[in-house]
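Down below is the structure, laid out as structure tokens.
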Amino acid sequence: MDAAAATLKRAVEYDGRARWTEAQVCYQEGAQMLLDAVKGTELLFVYLVWSRVLNQISGVDERDETKRLRLRQKAEQYVTRAEQLREQVERAKRRGEYQEQRRIEDGSVGHSYESVFGRFLDSATTTIRVLDPYIRALHQVQNLVRLCELAVRRCGRSLQTVCLLTTRCPKSPRMPDDETGKTQQDVWLATLQADLRERHGVTFDYVFSDTLHDREIQLNSGWLIKIGRGLDYFKPPSSKLSLGAFDLDLRPCRETLVDIVHVSKVRSTT
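In terms of this note's numbering, the numbers along the sequence shown are unbroken and rise by one, the last being 272.
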């Protein structure tokens, strides 16, 4: 039950900071944890479980019957709050007014792609457009691979196309014995392209621009994720064997700002 309490605490925190989509997810996950834990048990035990979790959140002594009744009322509020937030977000989306912001502090952790915007990748997502002028070095291409992994996992068979608009790396070495003039950057992107097509049936197109500056991720569902530093906001791990080398939620970050908005029609850029 500690996990449910921690999740509901985050839900309340996000709710108070107007990070509604994150709050909605946490309310739903916290409620589901409780439902899974008490599945097939008596109603009284369900009530006691809620009391225990909410006691951890509010610090109220669950042995006091009056306070326990208040906790039960609070539990019902948490259950319905997720639905209220969903409806609130939907209304704002229809008006074209929905926006939320997340500041990533320098050196902070817990900001993997899944944590920051994974909740927007779902079965409604068929096309993803990535604008990032710095998909050049190997670690930057690996960041793109991580994004594609997340998209394939969360969107499933709905995902059809991933488009990348980036810039050429002037220092990328030419491939030996290749008369077409391909660079290492070309080879990396072509490798990802082939893997997405052959293993997952996803089309990956990439285009180079000489003037690109913007950094954003566009979803056909109308969500725009604008990250000040683009995908490359993680600090390098202290070693290949340190925590955070693979799990990006454990990787310290550089300071950046993330703006998430919803528009009725996503403009085409590639």
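For every residue, glycine included, the Cβ atom is placed at its ideal position computed from N, Cα and C.
If you're wondering where the values come from, they're calculated on a predicted model, not measured in any experiment.
- Inter-residue distance for Tyr100 and Gly183 is about 45 Å (C-alpha atoms, whole angstroms).
- In the three-state scheme derived from DSSP, where H, G and I count as helix and E and B as strand, Arg231 is classed as coil.
- Sequence-distant Cβ neighbours of Arg12 in its own chain, meaning closer than 7 Å and more than five residues away, are Cys28.
- DSSP places Glu116 within a helical segment (H, G or I) once states are collapsed to three.
- Boundaries of the alpha helix (DSSP H) around Val189: 186 to 202.
- Annotation: Cys171 is outside any alpha helix (DSSP H) and is labelled neither H nor E by DSSP.
- Every alpha helix (DSSP H) of 4 residues or more that sits fully in the segment 88 to 164 is shown, in chain order, as 115 to 119, 140 to 157.
- Counting every other CB atom within 10 Å of its CB across the protein chains shown gives Gln26 a total of 16 or more, marking it as buried.
- Nearest to Glu102 by C-alpha distance, out of Phe248, Pro178, Arg19, Pro135, is Arg19.
- Around the beta carbon of Leu194, 16 or more other beta carbons sit within 10 angstroms, so the residue counts as buried.
- Of the candidates Ala126, Ile106, Gly230, Ala126 places its Cα closest to the Cα of Thr163.
- Leu259: member of the beta strand (DSSP E) spanning 258 to 264, first to last residue.
- C-alpha of Phe119 to C-alpha of Ile227: approximately 7 Å in a straight line.
- For Cys171, same chain residues with a beta-carbon under 6 Å away, outside a window of 5 residues either side, are Arg138, Gln187 in chain order.
- Remark: three or more beta-carbon pairs, one from each stretch, lie closer than 8 Å, so the segment 203 to 221 and the segment 122 to 136 are flagged as touching.
- Closest in C-alpha terms to Gly32, from the list Glu15, Tyr16, Ala8, Val209, comes Ala8.
- With a contact defined as Cβ atoms closer than 8 Å, Gly98 and Val265 qualify at about 6 Å.
- Nearest Cα to Val91 within the set Asp234, Asp17, Arg105, Ala247: Asp17.
- By the Cβ criterion, the segment 108 to 124 is in contact with the segment 239 to 255, since at least three pairs of Cβ atoms, one from each stretch, lie closer than 8 Å.
- The beta carbon of Leu146 sits closer than 6 Å to those of Ile137, all from its chain and outside the five residues before and after it, given in chain order.
- Leu226 is bridged by DSSP to Gln220, Val263.
- Contact between Leu123 and Cys165 does not hold, since their C-beta atoms are separated by about 15 Å, which reaches or exceeds 8 Å.
- Within 10 angstroms of the beta-carbon of Val111 lie 16 or more other beta-carbons, which makes it buried.
- For Arg253, the three-state secondary structure derived from DSSP is coil.
- Secondary structure at Asp17: helix, using DSSP grouped into helix, strand and coil.
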